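The numbering used here numbers the first residue of the sequence shown as 23 and each following residue consecutively.
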Amino acid sequence: MKKRNLLLFSWLILLYANGVIYFLQGFLLTRREIHLKSAVFDGVSCCLDSKYKQIIILIIDALRYDFLVYNNSTNASSIPIYHNNLPVVQRLLKDNHGVLYQFVADPPTSTMQRLKGITTGSLPTFIDVGSNFASDELIEDNLLSQMTSSGLNITFIGDDTWLQLFPKSFQRSFPFPSFDVWDIHTVDRGVEHHLLPEMMKPDWNLLIAHCLGVDHTGHRYGPEHPVMPLKLKEMNSLIEKIVSNMNSRTLLLVMGDHGMTRSGDHGGDSPDEVNAGFFAYSPGWNIKLNNSKTRAISQVDLVPTLSLLLGIPIPYSNLGSVILDLVLPEQLWREIHPSEEHEKNIALSYFSEALYLNTKQIWRYLETYSRDSSFPKKEFEQLRSQFDLAVHIFGRLKMERCSSSCASDLNCCASSEMLEEFIQTAQIFLAEAKEMCRSMWARFDLTSISIGLIIFAFSLCLHANFLIDSESLRMRPVQCFGIMGAFLSILVQGWSSVVSLGLSLTPVFVYLIGTIGKMRLFQQFKFAYLAPFFMAVSYTSNSFVVEEPYVVHYLTQSFIWIPMFFKRPTKNRMWILRIALSLSTRLGLAYFRCREEQFPACEAYSLHRSLTSLSGTNWVVCGRVSIALASCIALYLLYKRYFSLDRQIVFIVMIVWCYWILQVLCFMNGSDTIGLIYLPRLFYIVFIGKLSHHMYTFLFDNELSKMPNYREKTSNMVILLSTLAILLAGDGLAPGIILTVVSLTLFSQLFTGDSSCGEMWPLYGLLSVHGFFASGHHTSLANVPWETAFVGISHSDIQSEWANVLPVLFVSYSTAFSMLLHAMSVPIVSLSEMILKNKDSRKLFNGWLYFLFFHAVRLFGCMGAAALHRRHLMVWKIFAPRLLYELLFAVYTSLGIVASLFIFQATM
23 MKKRNLLLFS
33 WLILLYANGV
43 IYFLQGFLLT
53 RREIHLKSAV
63 FDGVSCCLDS
73 KYKQIIILII
83 DALRYDFLVY
93 NNSTNASSIP
103 IYHNNLPVVQ
113 RLLKDNHGVL
123 YQFVADPPTS
133 TMQRLKGITT
143 GSLPTFIDVG
153 SNFASDELIE
163 DNLLSQMTSS
173 GLNITFIGDD
183 TWLQLFPKSF
193 QRSFPFPSFD
203 VWDIHTVDRG
213 VEHHLLPEMM
223 KPDWNLLIAH
233 CLGVDHTGHR
243 YGPEHPVMPL
253 KLKEMNSLIE
263 KIVSNMNSRT
273 LLLVMGDHGM
283 TRSGDHGGDS
293 PDEVNAGFFA
303 YSPGWNIKLN
313 NSKTRAISQV
323 DLVPTLSLLL
333 GIPIPYSNLG
343 SVILDLVLPE
353 QLWREIHPSE
363 EHEKNIALSY
373 FSEALYLNTK
383 QIWRYLETYS
393 RDSSFPKKEF
403 EQLRSQFDLA
413 VHIFGRLKME
423 RCSSSCASDL
433 NCCASSEMLE
443 EFIQTAQIFL
453 AEAKEMCRSM
463 WARFDLTSIS
473 IGLIIFAFSL
483 CLHANFLIDS
493 ESLRMRPVQC
503 FGIMGAFLSI
513 LVQGWSSVVS
523 LGLSLTPVFV
533 YLIGTIGKMR
543 LFQQFKFAYL
553 APFFMAVSYT
563 SNSFVVEEPY
573 VVHYLTQSFI
583 WIPMFFKRPT
593 KNRMWILRIA
603 LSLSTRLGLA
613 YFRCREEQFP
623 ACEAYSLHRS
633 LTSLSGTNWV
643 VCGRVSIALA
653 SCIALYLLYK
663 RYFSLDRQIV
673 FIVMIVWCYW
683 ILQVLCFMNG
693 SDTIGLIYLP
703 RLFYIVFIGK
713 LSHHMYTFLF
723 DNELSKMPNY
733 REKTSNMVIL
743 LSTLAILLAG
753 DGLAPGIILT
763 VVSLTLFSQL
773 FTGDSSCGEM
783 WPLYGLLSVH
793 GFFASGHHTS
803 LANVPWETAF
813 VGISHSDIQS
823 EWANVLPVLF
833 VSYSTAFSML
843 LHAMSVPIVS
853 LSEMILKNKD
863 SRKLFNGWLY
873 FLFFHAVRLF
883 GCMGAAALHR
893 RHLMVWKIFA
903 PRLLYELLFA
913 VYTSLGIVAS
923 LFIFQATM
């Protein structure tokens, strides 16, 4: 294998990276933050007199709206297990002291973005979801900073994400670790322990308590598990304790930051994910005076509402609208008024003043934002006219006299018709302003998108050139200049698009022009080169993306069997291997995961959950563990049949077995043990030691130049990497991963010594994608395997500097393991068991080239589909997540190929 092949792959990967970076800059939307602050003296966003001395915000993470709604069905068997577990809410609603809403979240529905929304009033963008792992201090103007600037005190208890966002805002704080999604009690117990003692103290104005038990119960068990009603009843008891200790000048707000799907996940924009619950209660509040029909509010609307209730300026970047139901003037229920009409006028006058402050604040923000980032001219002028009209109408109202000094003289108030006209005009302005900003932050940079697609398309042409004419690679200086140009293009992307394009594509054009005339295109072209393009085109269909696992399975089975009809009779051994390969992929269907869009036709299996998150008899649990253990034994026997298996790997597998068995014992006893932390840590130590030993032998063992030794060491490394994926996935999905390795082993035996690209490599690429789905994954944000992030990591570890690195590594490795496995296994499949020959070298090189080409074409299809459907209703739910998953696949595919290529060249 010539060393220039490493240059070639480096050139291709840098070109692809260049195109992807350009594309993402134009496609993944971002919002420019304005770091200006509202102030009491600015005359714009301030202020009304505070209505409550103290406000309690109880956030029950993932509190879905239907968890709060009372189900009065007479058929008890039809009532879901998660309904009617919060009876205190229904009781307080009947007492006319509370109100219940749908609390609609803006996707992405991850906790970090929702907390930013309910404190700043700003709208999220899709790229923000990535920051849910690592939280930085929030600089943008927000409720908490306004409170501290106004001399008000805040106490916090619960999810430590708040302390990362607002490290200097709390008078007292009691944070608890939040990201271990299997821990359903620690945070809630901490809130219960500190909440009532803190309520009794007189020195706070806002008390925030954030419970995570419901969310983590959903992640671990799902909403229909028997643990969910128990957790909801705990929250009911906590609300009752709070209510019993409140006075008439205290307001309680119980809310969810997002909902959850039927599988207990969140992150997308399905109704179950965006419709959280919101319940407001105060002992001194008579809701009978509220005739509003509103039953759904936006989460950003909480920001201006709380600002007015606390008597502080509305945060500068807020886009929410005041919730009028919650800002009724207290004189309506504390004083006796001569008529209902007089009460109505006082309420309308107060609403008008609140909306006027809200309107001025949003217009100031829009004017500031438009100085550097222009809004659509037509929409902005229409909005300006609407604002001018609202200001004009407000100028005719006698606001000050009506809201402060009216007693019995109805004539001192403006007419209800004028007040209602202003309220309607202001609400139209607020709604249109929010919609304009939402569409503005959904505006794509078509120039960057086009440049990214162009670079990627010509990179594919160059790749196809190498693939078709791999035997006569020429023009090495051009390749060197290509690498330097692609690297420099990435560095200068912010300067000039023309320069970046020139640096990237000039060497490509030179190489293509210099080689295309010498190629024997028709003699060397194979239909297999077109196979990934058919999949790429299919990504333009949202239905295909939803049903992709079954389409991939169908194509895999087709590529296994259809070639048999075009071949001469083969040996019985080949038939047996094909039958076994077909059966192993067919069994993988049992581990396919359902997407939210596929319910109720597709039901989730318990296989996708850990033993510690199951319900059922001990026999069910023991049976499932037995299947996992048996699958490991089957893999061992198969590998021992075809390869010389390293016996030390058995010890690593035994650690995984002990971990599963310990989980069973903990399940039966209903408790946890420290062994669930230290057994995975022992595994990691042995794994790193064994991996280091493999790398040493690859680089320094001269015997590896003999092909059998090289294939043996490579197969042992593949098995070693597989054990980490098995540990992270858990006992339920372990057989799915083992079936993927079994399929790879059978494939290597089926095609050993066969250089037919027409049949071999398209099927190999399909098996890598099939392995992803057979490992219990799907291409949606709600199906990210967060539970793998903390295998063997304790609460104390979460506070360390590696707290974000290891979870990201574990989750990404578990997700894209199949791509890494197949990229690293190309030498096992390509090379014969004899000594290395030139044809083996070319076959291995073709294998790496085609595998990278297969995934690059699919990535190009996802990029094109996302760009084409950028205004599609499902772009952020289906097309964008599919693109991000394919990017992760491309990263791990590239890592696997480069690592395998480097090891091979260092060895051979």
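Just so you know, even glycine gets a beta-carbon here, dropped at the ideal spot from N, CA and C.
Predicted model, so just to flag it, every value in this text is computed and none were measured.
In the assembly as shown, W597 is an exposed residue. Its beta-carbon has fewer than 16 other beta-carbons within 10 Å. At the C-beta level, G814 and I649 stay beyond 7 Å of one another. The criterion of a C-beta distance shorter than 7 Å is satisfied by S343 and L452.
In the DSSP secondary-structure assignment, H232 is bridged to I81, G180.
Closest in C-alpha terms to L324, from the list R317, S304, L348, G306, comes L348. Taking 4 residues as the minimum length, the alpha helix (DSSP H) runs contained wholly in the region 104 to 169 are 109 to 116, 133 to 142, in order along the chain.
Rounded to whole angstroms, the gap between the alpha carbons of S836 and L341 is 39 Å. Secondary structure note for N258: its alpha helix (DSSP H) is the uninterrupted segment 249 to 266. Look at A61 here: in three-state DSSP terms it is coil, with no helix or strand label. Secondary structure at V827: helix, using DSSP grouped into helix, strand and coil.
Take the alpha-carbon of F839 and the one of A751: they are about 10 Å apart.
Beta-carbon to beta-carbon, M846 and G918 are separated by about 5 Å, close enough to satisfy the 8 Å threshold.
Nearest Cα to A889 within the set L50, L704, N27: L50. Apart from the 5 residues on each side of it in sequence, V573 sits with its Cβ closer than 8 Å to the Cβ of S560, F566 in its chain, given in chain order. Beta bridge pairing from DSSP links T272 with Q76. Counting along the chain, the unbroken beta strand (DSSP E) around P197 starts and ends at 194 to 198.
R406 carries a helical assignment under DSSP once its states are collapsed to helix, strand and coil. By the Cβ neighbour-count rule, Y718 is exposed, with fewer than 16 other Cβ atoms within 10 Å of its own.
Annotation for V851: S770 place their beta carbon closer than 6 Å to its own, counting only its chain and skipping 5 residues before and after. Y681 places its beta carbon less than 7 Å from that of L701. Only residues of its own chain outside the window of five on either side were considered, and among them V763, L766, L843, M846, S847, I850 have a CB closer than 8 Å to the CB of V740, listed in chain order.
Of the residues P248, K73, L46, L273, the one whose Cα lies closest to the Cα of L80 is L273. According to DSSP, Y303 shares a beta bridge with G120, L274. The shortest C-alpha to C-alpha distance from C616 to any of P571, L165, L350 is the one to P571. Bounds of the alpha helix (DSSP H) holding A602 are 594 to 609. Looking at the DSSP output, R86 sits in a beta bridge with A298.
Of the candidates D210, N564, H877, the residue whose Cα lies closest to the Cα of L252 is D210. Proximity of the region 197 to 204 to the region 232 to 249 meets the contact definition, three or more beta-carbon pairs being nearer than 8 Å.
Distance from the Cα of N227 is smallest, within the candidate group N175, L260, A912, for N175. Per the Cβ contact rule, the region 799 to 806 is not in contact with the region 572 to 588 (fewer than 3 Cβ pairs under 8 Å). The continuous beta strand (DSSP E) containing A318 extends over residues 318 to 320. Taking the CA atoms as reference points, F614 sits about 14 Å from S285. A direct Cα-Cα distance of roughly 42 Å separates K190 from I415. Rounded to the nearest angstrom, the gap between the Cα atoms of A558 and C884 is 7 Å. Rounded to whole angstroms, Q449 and N297 show a C-alpha spacing of 22 Å.
Around the beta carbon of M282, 16 or more other beta carbons lie within 10 angstroms, which makes this residue buried.
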